[in-house]
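In full-length UniProt numbering, the protein residues as written are 1 to 507. Encoded as structure tokens, the structure appears first; notes follow it.
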């Protein structure tokens, strides 16, 4: 019988020897592409930078050193060339599916955001697509206006309490987006801004109710899923079931799902004839359709999680980034305030979307913030078809993970001069406009692009115009840099600002 030291030595030898042997045998011919560190042998390089929440930047720096194609994991090629965007993500890339990474991060039921099946995605998207059309989004404008008013009221209170010491705006902005998406999805705001905190009710599948902090639950759960996703599907599922179920991240993820359970059950208690007009009304209508597919409760939870996730995080990150840029670029803030003033009749604090949607400079500011700090900076992983395919002029073997990091494309100086500078005017520069329209893709592109794009623009237009019409915003430290942390999406760190009501200052 082998001794324990011998067994351990054998395990270590296999753990090291198998990947090294596979690297040198090179069955797919990937060794010709440069590797970032030991990424051609092991996924530990990606896992390490993911753990540090800076993987998007590590990959960007690897591309700067090594070129447009970098091997970031043994079976994963990252492309920084803009033409690869179309090759991998466009509607014409029908044979390239979402990577098995999404199986590793998913629960027992798939949402429209993480299902790898085109058929399932089409069915799910059909259920809610009309909610996110321009006409559908307009029906939720009242909810957004209500949430923006709550945000203005909270900013006024924070200004009175904090004065020149300022406050961290980041959590308050995310409370705003939670309030808005709570109403849009379930016709029931979380009321975080009114309450002054992000505490809400969660409910276990067995019906036990308890209180959780929404932002910590969301971020902790997302980070946990993102970390285990790099372990591979089978290992990730085994660890989540047998070991990691009691970890902090798993508990936070469960809290977030239980927030959904509470909301779904309360929404289903409302009689159909008196139910609010919200996205969930379309989900329930699809479930009641004779002869149609009936989503089990676990799938409803997955869809709710996906909607609350995207509606809170993406818009919140974009609004935080834009507030930072305008607070740091006072000339841009002043120009925006001059442009939007006509949208606010006397006594009106929150504008309508119709009043501001055609103000070009407002849209320029939003688009530039989304370019300079995209809500998703990583390359969303896809897998090549068994027969392989051509990406950026290279024949890539089948069943290879491929991606294009949005951060790297958005900061390509050949596409966008001074890419790290916030320059709203570039969006009216005829020389830059073709590249901006083609390669500034904060919501991705193709059939798996973010379905909530229209809602995001409506919410951002109303919120940004209303905030900067009412307040002058400055950084507490004029030289402060806004950190970016990669949970899965690229979320801003702390944003310390001070606000002044514009009635008391001279423009």
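Glycine included, C-beta positions come from ideal geometry on N, C-alpha and C.
Straight-line measurement puts the Cα of residue 462 at about 12 Å from the Cα of residue 180. Boundaries of the beta strand (DSSP E) harbouring residue 212: 209–213, taken from the DSSP string.
Listed in chain order, the beta strand (DSSP E) elements of length 3 or more contained wholly in the segment 204–286 are 209–213. In the DSSP assignment, residue 382 is bridged to 98 and 402.
Setting aside the 5 residues that flank it on each side, residue 483 is surrounded in the same chain by 493, each with a C-beta closer than 6 Å to its C-beta; the list follows chain order. Within the same chain, Cβ atoms closer than 6 Å to the Cβ of residue 499 are found at 155, 159, 471 and 473, the five residues on either side in sequence being excluded. At a Cβ-Cβ threshold of 9 Å, residue 218 and residue 313 count as neighbours. When Cβ pairs closer than 8 Å are counted between the two stretches, the segment 356–372 is seen not to touch the segment 49–57, the count staying below three. Taking the C-beta atoms as reference points, residue 321 is found no nearer than 9 Å to residue 260. The segment 416–424 makes no contact with the segment 86–94; the number of CB pairs closer than 8 Å stays below 3. Closest by C-alpha distance to residue 308, out of 333, 264, 323 and 342, is 264. Going by C-alpha positions, residue 42 is about 19 Å away from residue 105. For residue 396, the pairing in a beta bridge is given by DSSP as 389. Distance between residue 287 and residue 467, taken at the CA atoms: about 39 Å.
Here the C-alpha atom of residue 168 lies approximately 22 Å from the C-alpha atom of residue 144. Between the beta-carbon of residue 40 and that of residue 65 there is about 15 Å, and that puts the pair past the 8 Å contact cut.
Per DSSP, the unbroken beta strand (DSSP E) holding residue 491 starts and ends at 490–492. Comparing C-alpha distances from residue 501 to each of 45, 187, 29 and 152 shows the shortest one belongs to 152. Out of 148, 198, 99 and 295, the CA that lies nearest to the CA of residue 123 is found in 295.
Per DSSP, reduced to three states, the secondary structure at residue 115 is coil, with no helix or strand assignment.
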